[in-house]
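Visitor: Got a structure for you, questions after.
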């Protein structure tokens with residue numbers, strides 16, 4: 185990533201990125217990307233054009249365990265179901 189961004193990101197603080205077509209193109213071959221190659225130019229164009237299907241999206245480390253998006257309603261139902269089990273009572277009926 186540092187090669188594409190042309191920065192000196194400290195090695196002790198790795199970046200966490202969302203996967204996209206850009207990361208798929210260079211993942212695992214970062215050290216082989218000399219400045220000025222087509223993939224580097226493509227990356228910089230994507231950044232200028234706000235094309236995040238190629239440009240990187242930096243995220244926190246906590247994003248790794250997220251694999252789906254659950255609705256608030258489903259979270260509430262699951263929480264109530266878990267509470268019912270923990271309390272050993274019947275689940276209230278919906279009105």
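In our numbering, the protein residues as written are 185 to 279. Glycine is no exception: its CB is placed at the ideal position from the N, C-alpha and C atoms. Predicted model only: the values in this text are computed from it and were never measured.
(1) Might you give, ordered along the chain, the residues of its own chain that have their beta carbon closer than 7 Å to the beta carbon of residue 239, omitting 5 neighbours on each side?
(2) Just to confirm the assignment: which complete alpha helix (DSSP H) runs, minimum length 4, are found wholly within the stretch 244-276?
(3) Would you give the residue range spanned by the alpha helix (DSSP H) that residue 208 belongs to?
(4) Within its chain, find whatever has a CB closer than 8 Å to the CB of residue 248; leave out the 5 residues flanking it on each side and keep chain order.
(5) Using CA coordinates, which residue listed in 243, 259, 263, 265 is at the minimum distance from residue 202?
Guide: According to the data block:
(1) Here residue 239 corresponds to residue number 55 of the chain shown, with the count starting at 1. Excluding residues within five positions, the ones whose Cβ falls inside 7 Å are 206, 227, 230, 231.
(2) 256-271
(3) Position 24 of the chain shown holds residue 208. It spans 205-210 - the alpha helix (DSSP H) in which residue 208 sits, taken as one unbroken run.
(4) To locate residue 248, count along the chain shown from 1; it is residue 64. Excluding positions up to five away in sequence, the list reads 200.
(5) Start at 1 with the first residue of the chain shown, and residue 202 comes out as number 18. Here the closest residue by C-alpha is 243.
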